[in-house]
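Residue numbers (my numbering): 65 to 526. All C-beta atoms in this analysis are idealised placements derived from N, C-alpha and C, irrespective of residue type, glycine included. All values derive from a computational prediction rather than experimental measurement.
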């Protein structure tokens, strides 16, 4: 790595003035570590930092971010444009705030290194005067009060993107789309950044759609949503002590949930690292995206549950185009949608609903087939305690389709849906030890149309 300063400023002895340009170039380090760091020094008095970057290759893919002496300031991932971080404003994906003096680092991710020698060029510009206008609408995130106090099935999308990561819609445009789809909540799951959260307080005052905090924890060995988290979680596993176990623990320490996204997805360079490769304790996973757009993760979810997990089923569109995408792999917002039974429309209410396994994935969206399932007995979380019980399902918008009852990962029975609504009941007996798990889904021909989370049945005395 080589560095050089080009000083176009008029600096005094104690006060930074004007502008300084720092050139950094070199070869991508060999080895298995997937991230490396390019340090540069920032003096007192800097009001804004810009950095430009180039991977100098049509074959290699590098990701880019920025840390200050304290920690995270943003993650642009594979964005090619320059990034600016200032006291009162920042580019999308980056966080405004004080510019402390000391050692800053450009963070580089080795997404794909196929061409050798792999090189990079970075230009850092330090400015005493900001070029971005102050973003006065941004303020520290605070969880909003409940938007509705009724206990009911709330519908939303747990996976979407805006310009704050690699999506094309603005936050305002995505909110408008969520409103038009009739959603109660939406998670803007930006890749490895929480820059969107400082915009939420202003936008939340003008919409009835609950803006859930969180981010998409995005690595080269798997993606996951940290639902309900408000601080950045270190995604650079294998580097500087960061681990997948630490990331999951961090999400839980923040009061959030860790939900694995599109675990079986494999589309090559279109989504590097999308398939889940980590080996983690099943009981630490709170949910699984069983439908990510058109991609099923049901088999992964069932295997996780077979190994002792209690993860809820979630769905998400992974919409990056704000409803304006094209092609066979594209899914617009709320396709699928997820219903969550919650006591109120609030961040805590939605999280509690997921923790209790009270979720239904509607693959065709909010107006598609729906299953309301319940089991008699004392329910704690996703487990019902009763020696004997009755499982009931009320199905709507599915006439002519097939309802399937699942037990412990296997289809137990199938039923033609002959009416709207269609009701099914079955008497159950809890096992002598342990628990059995039950769920429903709906098939439209060979296509999955809806799916519930599991309910576990255990004897009352256990």
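N-terminal and C-terminal residue of the alpha helix (DSSP H) that residue i is part of
{"i": "residue 126", "result": "Taken as a continuous stretch (DSSP letters only), residue 126 belongs to no alpha helix (DSSP H), being part of the beta strand (DSSP E) at 125-131."}
{"i": "residue 239", "result": "235-244"}
{"i": "residue 266", "result": "264-268"}
{"i": "residue 316", "result": "308-317"}
Opposing strand residues paired with residue i [DSSP bridges]
{"i": "residue 505", "result": "468, 515"}
{"i": "residue 434", "result": "460"}
{"i": "residue 103", "result": "169"}
{"i": "residue 426", "result": "401, 514"}
{"i": "residue 158", "result": "138"}
{"i": "residue 362", "result": "BP columns for residue 362 are empty, so no partner."}
{"i": "residue 221", "result": "250"}
{"i": "residue 148", "result": "114"}
{"i": "residue 520", "result": "447, 501"}
{"i": "residue 255", "result": "280"}
{"i": "residue 143", "result": "Looking at the DSSP assignment, residue 143 forms no beta bridge with any residue, so it has no partner."}
{"i": "residue 452", "result": "493"}
Sequence-distant residues of the same chain with beta carbon closer than 6 Å to residue i, five excluded per side
{"i": "residue 296", "result": "136, 258"}
{"i": "residue 300", "result": "99, 306"}
{"i": "residue 517", "result": "376, 377, 421, 423"}
{"i": "residue 439", "result": "448, 453, 455, 519"}
{"i": "residue 407", "result": "215, 413"}
{"i": "residue 429", "result": "398, 399, 401"}
{"i": "residue 379", "result": "355, 400, 402, 425"}
{"i": "residue 127", "result": "141, 142, 173, 175"}
{"i": "residue 286", "result": "340, 341, 342"}
{"i": "residue 524", "result": "449, 450, 451"}
{"i": "residue 274", "result": "211, 249, 409"}
{"i": "residue 72", "result": "Annotation note: pLDDT 46 at residue 72 (below 50); position unreliable, no value reported."}
{"i": "residue 156", "result": "227, 228"}
{"i": "residue 491", "result": "454"}
{"i": "residue 503", "result": "470, 516, 518"}
{"i": "residue 442", "result": "449"}
{"i": "residue 495", "result": "none"}
Start-to-end residues for the beta strand (DSSP E) that takes in residue i
{"i": "residue 418", "result": "Where residue 418 is concerned, there is no enclosing beta strand (DSSP E), although the alpha helix (DSSP H) it sits in stretches over 411-419."}
{"i": "residue 323", "result": "321-324"}
{"i": "residue 378", "result": "376-380"}
{"i": "residue 493", "result": "486-493"}
{"i": "residue 230", "result": "No beta strand (DSSP E) contains residue 230, which DSSP labels as neither H nor E."}
{"i": "residue 353", "result": "351-356"}
{"i": "residue 212", "result": "That residue, residue 212, is in no beta strand (DSSP E); it is neither H nor E in DSSP."}
{"i": "residue 479", "result": "474-480"}
{"i": "residue 80", "result": "Element bounds for residue 80: n/a, residue is neither H nor E."}
{"i": "residue 118", "result": "112-118"}
{"i": "residue 289", "result": "286-291"}
{"i": "residue 65", "result": "Looking at the DSSP string, residue 65 is not in any beta strand (DSSP E), and its letter there is neither H nor E."}
{"i": "residue 391", "result": "Premise fails: residue 391 is in no beta strand (DSSP E) and is neither H nor E."}
{"i": "residue 280", "result": "278-283"}
{"i": "residue 444", "result": "442-444"}
{"i": "residue 273", "result": "Neither: residue 273 is in no beta strand (DSSP E) and is coded neither H nor E."}
Own chain, CB closer than 8 Å to residue i, minus 5 neighbours either side, in chain order
{"i": "residue 74", "result": "Because the pLDDT at residue 74 is just 38, under 50, the model does not fix this residue reliably, and the point stays unresolved."}
{"i": "residue 506", "result": "433, 435, 459, 462, 465, 466, 467, 468, 481, 512, 513, 514, 515"}
{"i": "residue 382", "result": "223, 224, 225, 325, 326, 356, 357, 395"}
{"i": "residue 344", "result": "308, 309, 312"}
{"i": "residue 198", "result": "152, 153"}
{"i": "residue 347", "result": "372, 373, 374"}
{"i": "residue 445", "result": "374, 419, 420, 421"}
{"i": "residue 163", "result": "106, 110, 111, 112, 113, 132, 149, 150, 151"}
Cβ-Cβ separation, residue j to residue i (assumed contact under 8 Å), whole Å
{"i": "residue 260", "j": "residue 252", "result": "5 Å"}
{"i": "residue 241", "j": "residue 129", "result": "Contact doesn't hold; Cβ gap of about 28 Å is too wide."}
{"i": "residue 205", "j": "residue 264", "result": "6 Å"}
{"i": "residue 165", "j": "residue 112", "result": "Contact doesn't hold; Cβ gap of about 14 Å is too wide."}
{"i": "residue 366", "j": "residue 266", "result": "With 8 Å as the limit, residue 366 and residue 266 do not qualify as a contact, their Cβ atoms being about 42 Å apart."}
{"i": "residue 110", "j": "residue 178", "result": "Not a contact, Cβ separation roughly 37 Å."}
{"i": "residue 282", "j": "residue 255", "result": "4 Å"}
{"i": "residue 351", "j": "residue 418", "result": "6 Å"}
{"i": "residue 291", "j": "residue 368", "result": "Not quite, the Cβ-Cβ distance comes to about 17 Å (not below 8 Å), so this is no contact."}
7 Å Cβ shell around residue i - same chain, five flanking residues per side excluded
{"i": "residue 169", "result": "101, 102, 103, 131"}
{"i": "residue 207", "result": "411"}
{"i": "residue 176", "result": "124, 125, 333, 336"}
{"i": "residue 76", "result": "In this prediction, residue 76 scores a pLDDT of 40, lower than 50, which makes its location untrustworthy; no coordinate-derived value is stated."}
{"i": "residue 384", "result": "225, 230, 231, 232"}
{"i": "residue 167", "result": "103, 105, 133"}
Near the ligand SAH: residue i beta-carbon under 7 Å from a heavy atom
{"i": "residue 240", "result": "Within the structure as shown, the ligand SAH is missing, as the structure has no ligands at all."}
Any 3 or more C-beta pairs closer than 8 Å across the segment 395-403 and the segment 200-215: Judged by Cβ distances under 8 Å, the segment 395-403 makes no contact with the segment 200-215, as fewer than three pairs qualify.
Under 8 Å: do the segment 80-100 and the segment 140-149 share three or more Cβ pairs, one atom per stretch? Touching, no, given that fewer than three Cβ pairs across the two stretches are closer than 8 Å.
So, do the segment 307-320 and the segment 245-261 have three or more beta carbon pairs nearer to each other than 8 Å? Touching, no.
Inspect the CB distances between the segment 114-124 and the segment 314-325 and report whether three or more fall short of 8 Å. These segments do not touch.
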